[in-house]
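Chains as they are written, first to last, in the numbering used here: chain X, -16 to 344; chain G, 424 to 811.
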Amino acid sequence: MDFTFSQDQLMFQEALTTLLASEAPADRIRARWQSDSGLDAALEQQLVELGLAGMLVPEALGGLGLDATDFIKLAETCGQFALPEPAVEQALVAAPLLADICTASGAERAESVLGELIGGGCRVAVGHILNPYINFAANADYFLLGHGGDVHLLPAAQVTLSAVKSVDPSRRLAAVSWQPSKATLLADGELGAACWRAALNRGALGNAAQLIGLADAMVKQAVAYAADRQQFGKPIGVNQAVKHLLADCAVQIEFARPPVYRAAYTVAQAATRADWAVSHAKVVAGEAAQLAARNCIQVFGAMGYTWECDLQIWAKRSWVLDREWGDPGFHKNRVHEWLVQPNALIGPEYTFGRGDQPHAH
Amino acid sequence: MELIYTAKQNQFRAEVRDWMNANVPAKPLQNYDTQVGFEQHIAWEKTLAAGNWGMVTWPKEYGGRDCSLVEWLIFEEEYYRAGGPFRVNQNGVFLLGPTLMEYGTPAQKARFLTKMAAGEEMWAQAWSEPGAGSDMAAIRCKAEPDGDDFIISGQKIWSTRAVYADYAFGLFRTDAASERHHGLSFILVPLDSPGVTVRPIAQLDGEAGFAEIFFDDVRVSRDHLIGAEGEGWKIAMATAGFERGLMLRSPARFQNTSKRLVELYRRHRHDLLDASLEDAVVRCYMDTESYALSTYQTASRLDAGGSIGPESSCNKIFWSLLDIRMHQTAMNILGARAEVEPRSEAEHSELGRWLDGFLFSQSGPIYAGSNEIQRNIIAERMLGMPRR
């Protein structure tokens, strides 16, 4: 039993933090809102060079062969900086989905797209049935799309996009229409269904980790503002009413983190038994982020309700990521379904399932 | 990160489970704040001690097993799984014990820890005073140095377990001229000393779970001073850290409550008219799991040589509110029957101990430093917000 991160894992996080601190400050995120693509291609390239895109791909397929436990703190860091680029989804959802199919069926088409993706030569968008829109669809070179339980791979030329405007100006959403065909089919039957189940858990896990990072970053901004802003001749942060708003956020964040890390471990070690752990993580991380968004806007007062205040970058991302890859109702329902089974392993001795293999609930 | 147990840990779990199955009393004990219940619980503590299970993390020489914190969590899980009684000596084993281990002299450790682990001496805490509750630095109860002794005079209040306990530990002002957190000392007081008067205070359930203690020139030997004279505040903070932080409320206790809640919900869920109860049960279950995972994370970090920081103040807020929510949810499932004390075995199995637990849960956000004080600590020490 070891619930700590390794030196390597922490150093990787440190490297990403350093990169994003210099390359993704709030003013540059705002600059993306004015651009056509909404993306910073140079930063995307730097993330590829850091090894993000192929991190979870087996070495035999050209990746780093690491797992979700190695990646989870990086996803959290992307949330810390409210990174607009879909780096988490590329690394944690798109690449592993392609890799799973390559490993299971040896599909050459999947392998060639995966190779491009790892090298930063293309962007791959994933359309899961739970998500009505795809983020940065207009910038994608390929689409992984679902038809029933089947997985299809289409080049951008074969899909039609209909753009919609998100409340989060950092996102570029579109609905995708397309026609499945024998030529586009990548995986069907059991494999296809398993791929989508895994993709859902990875997508939800990536959002949960980002939500933790977003929540933490918002609290830090509100703490700084409360120390700076003076009323009645003193900083507003000396008032208990203000302190307690932020302390409550800190408590929620503190207890949402371990479930997210556990979910990452379960996805890495026992993906087919990860539903419960992922849903737990997604719900509590979402709640922590919702509370942080609400309370931090409150601490910023009228400033918190302005376009000018950078807090909106984080708050809006929190609102949308909480509902993407399964909204709270979807995930609570999964937990409920499991809890009402008479043979569910619940009770103090089952924190880690039977304890002899990863999360065998 | 490796979230499965080692073979050694699984073996340890099996050993605990076997012993608990063989030894945990078949019938629940009476409330330990009654005379009969207290004696039943002491008998249980002695049984635990005879099996060397009194405090598994302690060194072997004091009756422990040198276990890691992760093993302690496994022990707790099996303890609550088997329906082990609440620990009547929790003030001793979970709060004073770790403090003695860190600040006690070898003689004090040998004298007090051994008897504590053996279940032979019960401990009460004596922190609060009528004028010093949340503001503990306002303590006025004096312990005047007098040769090899201290002479204690003053009053303590809200002393948990003081009605039946043998000893109390707490902070006393040894420097009469001092103010606030200076000049305080951490002293152990035998409650049978001449000049000690203990006046029980009935709690919300009607039982005398705490008391006032009056000290009328009570002579206590210097052997009972823990750490240096005047260092009491620092030492008390360490004790408070354990109380809020890790040991006082192991997750297993709440996981057991949560399991009972889920079972109650399964029995009644098709008859419930309040749709929000489904959500409440799911959230309670997830939150108990979050608390368990967080504790494992902390234990793992401490076992690897890390330390407890101000984030431990988060624990107390989280579990105390969770405990209230679990009991409220159960009471809502039971509806109008919830107010009734069970009269028979059959009613007991239906109504469970939800009412008792609900009453006790009301104290959680108050004791061990009120949640409002914890929020101040979190805001100031963990988040770095300005004090004034």
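Glycine residues also receive a C-beta, built at the ideal position from the N, C-alpha and C atoms.
Give every residue of the same chain whose Cβ lies closer than 8 Å to the Cβ of residue i, excluding the five residues on either side of it in the sequence, and list them in chain order.
{"i": "G/R563", "result": "E552, G554, A555, G577 and R596"}
{"i": "G/Q436", "result": "Residue 436 of chain G is actually Arg in this sequence, not Gln. If we look at G/R436 and ignore the five residues flanking it on each side, its Cβ neighbours are Y428, I497, E500 and E501."}
{"i": "X/P115", "result": "A158"}
{"i": "G/G653", "result": "T597, D598, S601, H605, G606, L607 and S608"}
{"i": "G/K657", "result": "G650"}
{"i": "X/V179", "result": "According to the sequence displayed, residue 179 of chain X carries Trp and not Val. Excluding residues within five positions, the ones whose Cβ falls inside 8 Å are H111, I112, G129, G132 and V134."}
{"i": "G/S491", "result": "T480, A722 and D726"}
Does the Cβ of residue i have 16 or more other Cβ atoms within 10 Å, making it buried, or fewer, making it exposed?
{"i": "X/K265", "result": "buried"}
{"i": "X/N184", "result": "buried"}
{"i": "G/Q678", "result": "buried"}
{"i": "X/F215", "result": "exposed"}
{"i": "X/Y288", "result": "exposed"}
{"i": "X/R240", "result": "buried"}
{"i": "X/W290", "result": "exposed"}
{"i": "G/V459", "result": "exposed"}
{"i": "G/S735", "result": "buried"}
{"i": "X/G309", "result": "buried"}
{"i": "X/K(-7)", "result": "For clarity, residue -7 of chain X is Leu in the given sequence; the question names Lys instead. Looking at its Cβ environment, which holds fewer than 16 other Cβ atoms inside 10 Å, X/L(-7) is exposed."}
{"i": "X/Q295", "result": "buried"}
{"i": "G/R766", "result": "exposed"}
{"i": "X/S145", "result": "exposed"}
Thinking C-alpha only, which one of the options is nearest residue i?
{"i": "X/I236", "options": "G/L684, G/D697, G/D710 and G/R692", "result": "G/D710"}
{"i": "X/G330", "options": "G/E499, G/L471 and G/V447", "result": "G/E499"}
{"i": "G/Q548", "options": "G/Y587, G/I574 and G/A530", "result": "G/Y587"}
{"i": "X/G48", "options": "X/N190, X/G37 and X/A58", "result": "X/G37"}
{"i": "G/D456", "options": "G/Y485, G/D598 and G/E630", "result": "G/E630"}
{"i": "X/V243", "options": "G/Y688, G/A761, G/E712 and G/H691", "result": "G/E712"}
{"i": "G/V511", "options": "G/A505, G/E701 and G/M545", "result": "G/M545"}
{"i": "X/A65", "options": "X/E307, X/H314, X/A260 and X/S153", "result": "X/S153"}
{"i": "X/G129", "options": "X/L168, X/T334, X/R300 and X/A207", "result": "X/L168"}
{"i": "X/P79", "options": "X/E91, X/A90, X/L97 and X/S88", "result": "X/L97"}
{"i": "G/D615", "options": "G/I636, G/G632 and G/L627", "result": "G/I636"}
{"i": "X/M286", "options": "X/A251, X/Q204, X/E32 and X/D83", "result": "X/Q204"}
{"i": "X/A121", "options": "X/K148, X/S95, X/G102 and X/L174", "result": "X/K148"}
{"i": "G/P568", "options": "G/I610, G/G632, G/W442 and G/W581", "result": "G/I610"}
Please work out which residues of its chain come closer than 7 Å, Cβ to Cβ, to residue i, disregarding the five sequence neighbours upstream and downstream, and give them in chain order.
{"i": "G/E764", "result": "L778"}
{"i": "X/A123", "result": "R106, V107, A108 and A139"}
{"i": "G/F741", "result": "Y714"}
{"i": "G/N755", "result": "D697 and L700"}
{"i": "X/F357", "result": "Chain X is shown only over -16 to 344; residue 357 of chain X falls outside these bounds and no answer can be derived."}
{"i": "G/H691", "result": "I756"}
{"i": "G/R488", "result": "N475 and V479"}
Got a sec? Which residues, its chain only, sit under 6 Å from residue i by beta carbon, not counting five neighbours each side?
{"i": "X/E6", "result": "L26"}
{"i": "X/A176", "result": "G132"}
{"i": "G/Q797", "result": "S736, K739 and I740"}
For a cutoff of 7 Å on Cβ pairs, would you count residue i as touching chain G?
{"i": "X/Y208", "result": "no"}
{"i": "X/R245", "result": "yes"}
{"i": "X/V221", "result": "yes"}
{"i": "X/V267", "result": "yes"}
{"i": "X/P311", "result": "no"}
{"i": "X/G102", "result": "no"}
{"i": "X/I55", "result": "no"}
{"i": "X/V250", "result": "no"}
{"i": "X/E332", "result": "yes"}
{"i": "X/H314", "result": "no"}
{"i": "X/I280", "result": "no"}
Counting contacts by CB-CB distance shorter than 7 Å, is residue i in contact with chain X?
{"i": "G/C737", "result": "yes"}
{"i": "G/A430", "result": "no"}
{"i": "G/L716", "result": "yes"}
{"i": "G/L806", "result": "yes"}
{"i": "G/S713", "result": "yes"}
{"i": "G/M670", "result": "no"}
{"i": "G/E709", "result": "The sequence shown places Met at residue 709 of chain G, rather than the Glu named in the question. Interface residue, yes."}
{"i": "G/Q678", "result": "yes"}
{"i": "G/V685", "result": "yes"}
Determine the chain C residues that contact residue i at a beta-carbon separation under 7 Å, and present them in chain order.
{"i": "X/F(-14)", "result": "Protein chains X and G are contained in the structure displayed, whereas chain C is not."}
Problem - Sequence ranges, beta strand (DSSP E) only - wholly within the region 644 to 732 of chain G, length at least 3 - result: none
Problem - Segments assigned alpha helix (DSSP H), at least 4 residues, entirely inside the region 72 to 144 of chain X - result: 78 to 88 and 91 to 101
Exercise for the section: Would you list, in sequence order, the uninterrupted beta strand (DSSP E) runs of no fewer than 3 residues that lie entirely inside the region 500 to 552 of chain G? Expected result: 546 to 549
Handout entry: Uninterrupted beta strand (DSSP E) stretches inside the region 209 to 267 of chain X (no shorter than 3 residues)
Key = none
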